[in-house]
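Same order as they appear, the protein sequences are chains A and Y. Heads up: the first sequence runs through residues 1 to 249, numbered per the working numbering. Heads up: the second sequence runs through residues 1001 to 1249, numbered per the working numbering. Note that the Cβ used here is the ideal one computed from N, Cα and C, for glycine as well. Scroll down for the structure; my scribbles are underneath it.
There are 2 protein chains.
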Amino acid sequence: MNNLEFFTNRASVRAFDPDRHVSEELLDKLLYAASHAPSTGNMQLYTVIVTRDPERKAHLAHRHLDQPAARNCDVMLTVCADVHRFDLWCKARKAQSGLNNPGGRMSAIEDASIFAQQFITAAEMNGLGCCYLGSAAYDMAGFTEALRLPKGVIPLFGIAVGWPSAVGTPSDRLPLDAIVSREVYHEPTLADIDSYYAEKENLEESAKYIAENNKETLAQVYADVRYPRERNERTGVELLKFLSASDDD
Amino acid sequence: MNNLEFFTNRASVRAFDPDRHVSEELLDKLLYAASHAPSTGNMQLYTVIVTRDPERKAHLAHRHLDQPAARNCDVMLTVCADVHRFDLWCKARKAQSGLNNPGGRMSAIEDASIFAQQFITAAEMNGLGCCYLGSAAYDMAGFTEALRLPKGVIPLFGIAVGWPSAVGTPSDRLPLDAIVSREVYHEPTLADIDSYYAEKENLEESAKYIAENNKETLAQVYADVRYPRERNERTGVELLKFLSASDDD
């Protein structure tokens, strides 16, 4: 069971060695490996865009709110949910795609997420460092324009990739009881909530975040500063447009 | 790079050894390992429900359209997108969760998919067989009732888990060019589509599916029989209800 230590010791990497590059050959081997992840009906409803050109990378990093991981990575990937390729296949084969609706497009979001995680696992197992850049969802229109995405393709997240210049530190996780229910959903009591979040709330860095942001609780830092409602609402409007678009739009 | 062979040789497993059981200890180790997958802001917006009780398992298998993998697995997991736990934490800590909207709930769908794939990778690396059961999405209300899911929790897919009784065969994949674009989205030409889907269309089993279903093309089998529009549209209605629900519903 030693391989399980790989999973529990892994960490996202945000600092990359500027002098060491990810070869095209290695990247393609990793993408090929990841493409063997399961997908809905083996339809592979995703596309990944590889950005290496320095100007384009800088442009996308800016759209990723200039996060250090985005600015310093060697290669940036943008993972997209994609029903467009399947639709084109159907059109070329006298078939009417059934994926042009919210249900079909959700399958693409799942396929893309599963593919992305399989890529990251394969990359980390081979020594590369990776970091998800969820910020693609905050500016779907901007990424769509920059990457020339057609209708039926939505940018889900970026992945910053490179050779690590510093080892990442595994971050805290909720205890297993918080995320696993047996037989039916376990509705957490207030005591459960206290216990689930105790480790996270007692981290030294949590006190720092609370103080820096003039908040009373760590949950307020998450809710008001890190993942504010207004931004998620804007993302939601774009998401619903993508999910609900009709063929005639 | 030998570990990449693990990824390219993996296959979903639908036939399980009825005499060999997945121990509680192993399952918990795998779930714990998977919980170290990245998630949005490390919020872990997912819950997994473990079903071992034979009657409950049979009930869920029936809801999974009596697929053999569902009927014969040793343990069934149901992976759910979950903003409810985070909301409870916020309520208990004088914060207003910003995840109660389509944008926040999409993050939960991504987190849950990423967690599920990390579980499957860890399980397969330790000799277990797994199969996604996407059919949970076809009957969200039924799974919600059976698993007593509260508002803010949506069943995404099942995972059938067990010790394999037969080795799975890796299935075909689209060529790398089909799923990878360089710098900007590559809009496929008709010739590209022909080339991307040639291997799949030329498989012996594809001819069988076309004949069995009285269709002209493999795309018609996918679009009319395997992933019909009507079912995806019904799923979409439920999905949009989940994504768009307001706090007061």
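- Query: For Asn202(A), is the classification buried or exposed, using 16 other Cβ atoms within 10 angstroms of its Cβ as the cut-off for buried?
  - Reply: exposed
- Task: Determine which residues share a DSSP beta bridge with Cys131(A) and list them.
- Result: Ala160(A)
- Query: Which residue comes first and which comes last in the alpha helix (DSSP H) that contains Thr1121(Y)?
  - Reply: Pro1102 to Met1125
- Task: For chain Y, find out if any of its Cβ atoms is closer than 8 Å to the Cβ of Met125(A); answer yes or no.
- Result: yes
- Item | Start-to-end residues for the beta strand (DSSP E) that takes in Cys80(A) | Val75 to Asp82
- Query: If Tyr197(A) and Phe115(A) are in contact, beta carbons under 8 Å, what's the gap, nearest whole angstrom?
  - Reply: Rounded, the Cβ-Cβ distance is 31 Å, inconsistent with contact.
- Along chain Y, in chain order, which residues have C-beta atoms closer than 9 Å to that of Ile210(A)? The contacting residues do not exist; Ile210(A) stays about 11 Å from chain Y at best.
- Task: Tell me, please, whether the CB atom of Ser1023(Y) is closer than 8 Å to any CB atom in chain A?
- Result: no
- Any chain A beta carbon closer than 8 Å to Glu1216(Y): yes
- Task: Using three-state DSSP, classify Thr169(A) as helix, strand or coil.
- Result: coil
- Message: Taking the alpha carbon of Pro1175(Y) as the reference point, which residue from Glu1187(Y), Phe1157(Y), Ala1137(Y) and Ser1195(Y) has its own alpha carbon closest?
- Response: Ser1195(Y)
- Output the distance between the C-alpha atoms of Thr1078(Y) and Ile179(A), rounded to the nearest integer angstrom. 12 Å
- Nearest neighbour of Ala1137(Y), chosen from Ser1246(Y), Arg1105(Y) and Gly1158(Y) [CA to CA]: Gly1158(Y)
- Message: Under 8 Å, CB to CB, which of the residues in the segment 38-50 of chain A have a partner in chain Y?
- Response: Pro38, Thr40, Gly41, Asn42, Met43, Gln44, Tyr46, Thr47, Val48, Ile49 and Val50
- Nearest candidate by alpha-carbon position, reference Tyr1227(Y), set Glu124(A), Arg105(A), Tyr32(A) and Thr235(A): Arg105(A)
- Task: Would you verify that the beta carbon of Thr235(A) is, or is not, closer than 8 Å to some beta carbon of chain B?
- Result: Absence of chain B from the displayed structure is noted, the protein chains being A and Y.
- Confirm, please, whether the CB-CB distance from Glu1187(Y) to Pro155(A) is below 8 Å. no
- Count the C-beta pairs between the segment 107-126 of chain A and the segment 38-45 of chain A that are closer than 8 Å, then say yes if the count reaches three, no if not. yes
- Say whether chain A places a C-beta atom closer than 8 Å to the C-beta of Glu1055(Y). no
- Item | Pick from Gln1220(Y), Gly1103(Y), Glu1205(Y) and Val1184(Y) that is closest to Asp53(A), judged by C-alpha positions | Val1184(Y)
- Query: How would you label Glu141(A), buried or exposed, when you count the other beta carbons within 10 angstroms and need 16 or more for buried?
  - Reply: Note on residue identity: the sequence assigns Ala, not Glu, to residue 141(A). Burial call: exposed.
- 8 Å Cβ cutoff, Pro170(A) in contact with chain Y: yes
- Interface residues of chain A facing Trp1163(Y) [CB-CB closer than 8 Å]: Under the 8 Å cutoff, chain A gives no residues; its nearest Cβ is about 15 Å from Trp1163(Y).
- Query: Can you name the start and end residues of the alpha helix (DSSP H) that Ser1195(Y) belongs to?
  - Reply: Leu1190 to Glu1201
- Taking all protein chains shown into account, do 16 or more other C-beta atoms lie within 10 angstroms of the C-beta of Ala191(A), making it buried, or fewer, making it exposed? exposed
- Interface partners of Glu187(A) on chain Y, CB under 7 Å: Pro1150
- Task: Pull out every residue of the segment 104-121 of chain A whose Cβ sits closer than 9 Å to any Cβ of chain Y, in chain order.
- Result: Gly104, Arg105, Met106, Ser107, Ile109, Glu110, Asp111, Ala112, Ser113, Ile114, Phe115, Ala116, Gln117, Gln118, Ile120 and Thr121
- For the putative contact between His1059(Y) and Ala1160(Y), defined by C-beta atoms under 8 Å, what is the C-beta separation to the nearest angstrom? With a Cβ gap of about 15 Å, His1059(Y) and Ala1160(Y) do not count as contacting.
- Go ahead and pull the three-state DSSP assignment for Tyr1227(Y). coil
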